[in-house]
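Participant: The structure is given below, and queries will be raised subsequently.
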Amino acid sequence: MNVTSAIPKESVNLQKDRLPSTISELNISVLVKSASHVIAPLWPISTFAARNPWMGLENQPFDEVATWLKETRHVDIYPSSSMLHAAKQRGEINHNFIDLGLQQWIDSQSLNIPREVAEEFCRSSLQLDELPDNLLSSPEIKSLAEKASNFNQKKNKKYTLKPLSYYLEQQGGEKIAHTLDYQLIKWCKLYLDESEVAWGLPNREKGFYYAWRSIVEYDPGLSRTQRNLLKECHLEPESALKEALVALDIPYSEVEEYLKAHLLALPGWAGMMLWRSQQSTKESSLLTEYLAVRLTMEWVLMKSYLPLPLPFESTEKMVNKKQLIAAWIHWGNISVEAWSKLSSSEQNARLLLANRFNESVRRRIWWEAWEKTYENQLSKKMKSKKIGTDVSTPPLAQFIFCIDVRSEPFRRQLEKTGPFETYGMAGFFGLPIETSNLGSQEAHPSLPVILKPQHRVKESSLGSNKSYQQRLQIGKSINYAYKTMKQNLFASLLLPEVSGPWLSLKMIGRSFAPRGIGKTTRRLKNAWLHKPQTELTIDQEEASETELTVGFSDEEKVNYVRQALKTIGLTSDFSPLVVICGHGSHSTNNPYASALDCGACGGASGEFNARVLATLCNLPKVRKILGDEGIWIPEDTVFVAAEHITTIDELRWHYVPELSSKANEAFLCVNEALPKVVHHANAERLSKLPNLGSGLRNPKNEAERFAEDWSQVRPEWGLARNASFVIGRRTITKGCDLEGRAFLHDYDWTKDEDGSILANIIAGPGTVTQWINLQYYSSTVAPYYYGSGNKATQTVTSGIGIMQGNASDLLTGLPWQSVMQSDDELYHSPLRLLVVIEAPRQYVKRLLENDPIFYRKVKNGWLRLANVDSEGNWQSWSNQEI
């Protein structure tokens, strides 16, 4: 097919009665929903939480998705050869596992050549060096390739569909695809803007397509001919989308694949449209509108370039025989003369092997060896622990931390310092709530993004807070006035003169004394606002039908406490003091600040959830009912709430009710131990940051400087190097230096006969940890498609996300500095998450049988699985075994 035959040359006012019956009968909304699986929802930067960019593709094997992305978008999601070599030099890849992977691959192949010959060739090519250019261009190799005419192996190109505008550019035509992307970025920015523009789009309340349709005909960036064509577009998005499909002559059977190709062109902006469409019924068709705009614009932009032939379906390509022969000459220990003497069948057998054992296969063997090396190291650490033999003095205090990998070093240091016991669970503590701080009318969903809040918990003042509200409103008014002046044509000319001196002093202070200025500013702000003492509205209040219920019923209070305690196995032997620890981060001038907060709390601090759970645990009615059920909490046990600040490894108290004498003794002991814990935790963490190293005189001060420095692109490592999710009792990991790489969730299989607790852990925290893992993985291996590039050159756009410059895709992942030690040195290890479950094999087998989603993830290679049985034996589950 070419464009001449695809697009009518007559006036393009395509009405519905002219549409072919096959297209007119298409259910566009169903097709769009199905096509949307190739992208993932993208939520605003203010609530940035980990997302799995391939969440809709997990019904396919990882390897197939990797091949598909390489073919469609030229995106490689395997670690590069340089990454693999660097990991081997650091000792992170055991060569024995590379050899084991090679043997397993050869065992899976049908060979028509001697095994020793195949092994020698494959082992030599596993060095991952590139073929010399002079060899590939050699006339002798070209001659041998021409003689091997009976080897007609075709490339496996299952997914080749691309937008026609991209084919035009590939054939050396105009940059229609580039212009199309620019147009969509411009209109998406205007429509999705939350805070930056002074004038919004007209008809924005009707939807994206309607707003675009009402103003695009006046766009000076388009030619008069193009604007006139756009005037004739259908008024309804679905009909307009069908018209564009007809005009582009997309075959009926390929419509869904064509929509997928356009969604993958700008996966960030499309992902934001997808997320918005899921938030309310009012915008439920937003992704359809996005595609209607995109395909209509594509047709109009291409209308001027009809003479260029653009093949819709790529022809099957033959494998590069020159490259395969060169591979044998280079790696197969065979000369050109010796190759010529081989029979035709012998040559074909060798070419077939070289074609199968391609670069992707070789890198995959190295990558899997990297994963097995880590698993082997982790198993050795855990095997050194004797299961269930941790006999120590009764703990004076028990701490419940988030499973976040940054909690592991802090927990380890805390346990070394005193008679303390730590537990891990998802940082929202099982509370499906949205939170509302004192003086705020807005609510933040404080739970994983895969869940919906069921309750609202408000912070209210114990006394009058009128003066606090007034001071808060004054601050908001000043900010609003400042922003309005920036956007006003005339006031913006005066603003630099008025604000210049103050902002200059602030800039100098933040540049040369960030720690001091930051502390002083925060102290002055707190002193001026003088927030009164508050309490939480945990008792249920009446709410309208459109609002969430405020607080909890008596039954719900008991249910949430019971669920939290049973999940981690803390149902007896309570200490006098139990500390619920949320976590949050603190940094300055950081668009990705929420990415360093608690992902389980929707990109916010978990201290609010910690306060709620601690408050519920202290209720006498709750304790009495739990006691009748066998969960007896001593009268002198008190629950308190704290926050682990991950940038400075400090524990801050947020809720400390009246303490019993034993609880007070424990509280004083904890406070006495904390300075030592903070010192060692900061020293360990800062030693891993670039340009700092070990031996810092005052790690705490250095950490505070990093947190306040507005030029610091790496205030902390976040969850970089995460690699495993250990579900089991703390006894199997206590004392092990897990290097801040493991999510730790407490679980006691002996108290979970039906496996329901394990199933909930896998469905909830298991999903969140996998998303975090794949967020870091994708940002490392494909930083400019799934990451967000260089943090120093990013632009916050429309109040919703990040771009590079002023016209890029909406960036979906983490910046380069979050995963790289330097421009050339990797920090994060791109490994799939290893889920380790402390439970008998039959427990894990039952889980896989009852949870098809988890089964599919393991089977298709999206994560890895192992279990530790009651005897402490480590058992790996390969996807071939299940």
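For what it's worth, my numbering labels the leading residue of the sequence shown as 13, then goes sequentially.
In this text, a Cβ means the ideal position worked out from N, Cα and C, and glycines have one as well.
None of these values were measured; they are calculated from a predicted model.
Run the CB neighbour count on Y90, radius 10 Å, all protein chains shown included, and call it buried at 16 or more, exposed below.
Facilitator: By the 10 Å Cβ count, Y90 comes out buried.
Participant: Leaving aside the five residues before and after T609 along the sequence, list all residues of the same chain whose C-beta is less than 7 Å from its C-beta, in chain order.
Facilitator: The question names Thr, yet the displayed sequence has Asp at residue 609. Correct list, in chain order: G596, S597, G615, A616, S617.
Participant: Secondary structure at E387, three-state DSSP: helix, strand or coil?
Facilitator: helix
Participant: Who are the Cβ neighbours of A804 in its own chain at under 7 Å, not counting the five residues just before and after it?
Facilitator: V725
Participant: Can you have a look at S820 and say buried or exposed, based on whether 16 or more other CB atoms are within 10 angstroms of its CB?
Facilitator: buried
Participant: Return yes when the Cβ of T293 is within less than 7 Å of the Cβ of C245, no when it is not.
Facilitator: no
Participant: In angstroms, rounded to a whole number, what distance separates the CA positions of K384 and Q545?
Facilitator: 52 Å
Participant: For chain D, find out if any of its Cβ atoms is closer than 7 Å to the Cβ of L671; answer yes or no.
Facilitator: The question asks about chain D, but that chain is absent: this structure has only one protein chain.
Participant: Give me the Cβ distance between I592 and L638, rounded to the nearest whole Å; I'm assuming they're in contact under 8 Å.
Facilitator: Not a contact, Cβ separation roughly 16 Å.
Participant: Ignore the nearest five residues each way along the sequence and tell me which others in I105's own chain have a CB closer than 6 Å to its CB.
Facilitator: A99, A381, W382, T385
Participant: Mapping DSSP to helix, strand and coil, what is R844?
Facilitator: coil
Participant: With burial defined as no fewer than 16 other Cβ atoms inside 10 Å of the residue's Cβ, what is the status of Y788: buried or exposed?
Facilitator: buried
Participant: Please report how far the alpha carbon of I415 lies from the alpha carbon of K198, in whole angstroms.
Facilitator: 40 Å
Participant: Got a sec? Which residues, its chain only, sit under 8 Å from G767 by beta carbon, not counting five neighbours each side?
Facilitator: Y855, R858, L859, N862
Participant: For Q182 and L192, I'd like the C-alpha separation in whole angstroms.
Facilitator: 15 Å
Participant: In terms of alpha-carbon separation, which member of V44, W351, L336 lies closest to S296?
Facilitator: V44
Participant: Assuming G752 contacts P232 (C-beta within less than 8 Å), just tell me the rounded distance between them.
Facilitator: Contact doesn't hold; Cβ gap of about 53 Å is too wide.
Participant: When DSSP labels each residue in this structure, what does S882 get in the three-state scheme?
Facilitator: coil
Participant: Could you check if Y759 is buried or exposed, using at least 16 other CB atoms within 10 Å of its CB as the buried criterion?
Facilitator: buried
Participant: Alpha carbon to alpha carbon, how far is A695 from A719?
Facilitator: 15 Å
Participant: Using a 10 Å radius around the Cβ and a threshold of 16 neighbouring Cβ atoms, would you call T496 buried or exposed?
Facilitator: exposed
Participant: Scan the segment 228–264 and note each continuous alpha helix (DSSP H) run of 4 residues or more that stays entirely inside, going in chain order.
Facilitator: 236–243, 249–259
Participant: For the putative contact between K254 and L38, defined by C-beta atoms under 8 Å, what is the C-beta separation to the nearest angstrom?
Facilitator: 7 Å
Participant: When the distance is taken between beta carbons, is K763 closer than 7 Å to G581?
Facilitator: Inclusion of G581 and K763 in the CB contact set at 7 Å is warranted, their separation being smaller than that value.
Participant: Write down the C-beta distance between A607 and A438 rounded to the nearest angstrom, noting that I regard them as a contact closer than 8 Å.
Facilitator: A607 to A438, Cβ: 17 Å. No contact.
Participant: Note down the Cα distance separating M284 from S396, rounded to an integer number of angstroms.
Facilitator: 47 Å
Participant: Shortest alpha-carbon distance to P460 belongs to which of A52, F60, E883, N872?
Facilitator: Comparing alpha carbon positions, the residue from A52, F60, E883, N872 closest to P460 is F60.
Participant: From the DSSP output, in three-state form, read off Y435 for me.
Facilitator: strand
Participant: Bridge partners for A273 per DSSP, in chain order?
Facilitator: DSSP output for A273 lists no bridge partner at all.
Participant: Just curious, the beta strand (DSSP E) that P457 is in, first and last residue?
Facilitator: DSSP places P457 in the uninterrupted beta strand (DSSP E) bounded by 456–458.
Participant: Measuring CA to CA, which of A47, V50, I40, R63 is closest to G799?
Facilitator: R63
Participant: So what does H467 bridge to, in DSSP terms?
Facilitator: I445, T561
Participant: Determine the direct distance from the alpha carbon of L114 to that of I377, and round the result to whole angstroms.
Facilitator: 7 Å
Participant: Compare the Cα-Cα distances from S599 to each of C681, L663, E716, P711 and report the closest residue.
Facilitator: E716
Participant: Determine contact between the segment 835–842 and the segment 73–86, defined as no fewer than three beta-carbon pairs at a distance below 8 Å.
Facilitator: no
Participant: First and last residue of the alpha helix (DSSP H) that includes C610?
Facilitator: No alpha helix (DSSP H) contains C610, which DSSP labels as neither H nor E.
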